[in-house]
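Okay, structure first, notes after.
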Amino acid sequence: MNEKIDKINYLRPGERLDDLQRNGYKIIQNPEKFCFGMDAVLLSHFAEIKKGSHVLDLGTGTGILPILLSAKTEAGFFEALEIQEESCDMAKRSIAYNNLQEKIHITAGNIAEASSIYGKHSFDAIVTNPPYMIDKHGLKNPALPKAIARHEILCTLEDVVRESANILKPKKSLFMVHRPFRLAEIFKQMMKYRLEPKRMRFVHPYIDKEPNMVLIEAVLDGNPMIKIEPPIIVYKNPNEYTDQLLDIYGF
């Protein structure tokens, strides 16, 4: 199928089609609204998804995580929840573009109501790249779609953790990417809802800089013990990725 014809059929004004460098998959994005970042790619690398798993992505945005994970894993099926209708529409069109309709399903809805939407203890794994900033912390982007993606306007960290605990099957894993400055709060909420942190990996912009991202795996009703994995270093020089990061991206 000719890509020029595809763009006419699949893209709306202001949108673009980005190559994910995996299985020939591409994703529709609108740079004026919100585009996925490195955090989603790192989470897709960190998440250990078993063959045949039924996986849920909480706050999927334009569908980046289920699309990447469908290329990287042998998961059975992905459900993805997103509250913003415009993002849902882009995600659905990206799934159709990549012929993944039988592998990924998008639902419009609020993370805070996820267990009511899907039912309790119904998933083998959950992945989430939730809003990082509390509602009053930091400068909100004046564009509402970006503000909703970055700030806890429509759901909170507790909503994400509580609903994950409700939805996961016992002894199954939640995989999350977040900011280190909220780590104490993350652990507090996880322990409150019986999610035991089991694995953690920090992401540093440079080897001599403090981390600006953290990847966490937590297991529902897991035994107390956490493994700290070697850090991910993004840059070796300004605008020059480390070999480690290039390997994660698959270049």
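Just so you know, we're using our numbering here: the sequence shown kicks off at 459 and counts up by one. Cβ coordinates follow ideal geometry from the N, Cα and C atoms, glycine included. Since we're looking at a predicted model, the values are computed, not measured.
{"Check": "DSSP beta-bridge partners of GLN487", "Outcome": "ARG474"}
{"Check": "For ALA570, the first and last residue of its enclosing beta strand (DSSP E)", "Outcome": "Run containing ALA570: none; DSSP gives neither H nor E here."}
{"Check": "Boundaries (first-last residue) of the beta strand (DSSP E) holding MET671", "Outcome": "671-678"}
{"Check": "Distance CB(GLY510)-CB(PHE494) smaller than 9 Å", "Outcome": "no"}
{"Check": "Assigned exposure category for LEU602 - 16 Cβ within 10 Å defines buried", "Outcome": "With a pLDDT of 49 at LEU602, under the threshold of 50, the modelled position of that residue is not reliable, and no figure is offered here."}
{"Check": "Top-ranked residue by Cα proximity to HIS512, from ARG659, ILE674 and GLU560", "Outcome": "GLU560"}
{"Check": "Identity of the residues DSSP links to MET634 by a beta bridge", "Outcome": "THR586 and ILE674"}
{"Check": "Burial state of MET683, where buried means 16 or more other Cβ atoms lie within 10 Å", "Outcome": "exposed"}
{"Check": "Cβ-Cβ distance between ALA533 and LEU523 below 9 Å", "Outcome": "no"}
{"Check": "Length of the line joining the Cα atoms of LEU641 and GLN487", "Outcome": "30 Å"}
{"Check": "The ligand SAH heavy atom lying under 8 Å from the CB of LEU526", "Outcome": "The ligand SAH is not part of the structure shown, which contains no ligands of any sort."}
{"Check": "Contact set for ALA623: own chain, Cβ-Cβ below 7 Å, skip 5 residues either direction", "Outcome": "TYR651, ARG652, LEU653 and LEU678"}
{"Check": "Where PHE581 falls: helix, strand or coil (DSSP)", "Outcome": "strand"}
{"Check": "Supposed contact pair GLU544 and GLY517 - C-beta distance, whole angstroms, cut 8 Å", "Outcome": "Going by Cβ atoms, the distance from GLY517 to GLU544 rounds to 14 Å, so no, they are not a contact pair."}
{"Check": "Cβ separation of PHE536 and ILE562, assumed to be a contact under 8 Å, to the nearest whole Å", "Outcome": "4 Å"}
{"Check": "Minimum length 3: unbroken beta strand (DSSP E) runs contained in the segment 492-531", "Outcome": "512-516"}
{"Check": "Secondary structure of TYR707, DSSP reduced to three states", "Outcome": "helix"}
{"Check": "Residues near HIS595 by beta carbon distance below 7 Å, same chain, minus five either side", "Outcome": "Residue placement at HIS595 is poorly supported in this model, since its pLDDT is 49, which falls under 50; the coordinates still yield a value, given next. There are no such residues."}
{"Check": "Residue closest to PRO689, alpha-carbon to alpha-carbon, out of MET658, TYR555, ASN587 and THR586", "Outcome": "MET658"}
{"Check": "Cβ distance (whole Å) where ILE638 is taken to contact PRO589 below 8 Å", "Outcome": "Residue identity check: residue 638 is Pro in the sequence provided, not Ile. Not a contact, Cβ separation roughly 16 Å."}
{"Check": "Nearest to LEU501 (by Cα), restricted to the options ASP515, PHE492, GLU490 and ILE665", "Outcome": "ASP515"}
{"Check": "ILE525 versus LEU475 - alpha carbon distance", "Outcome": "14 Å"}
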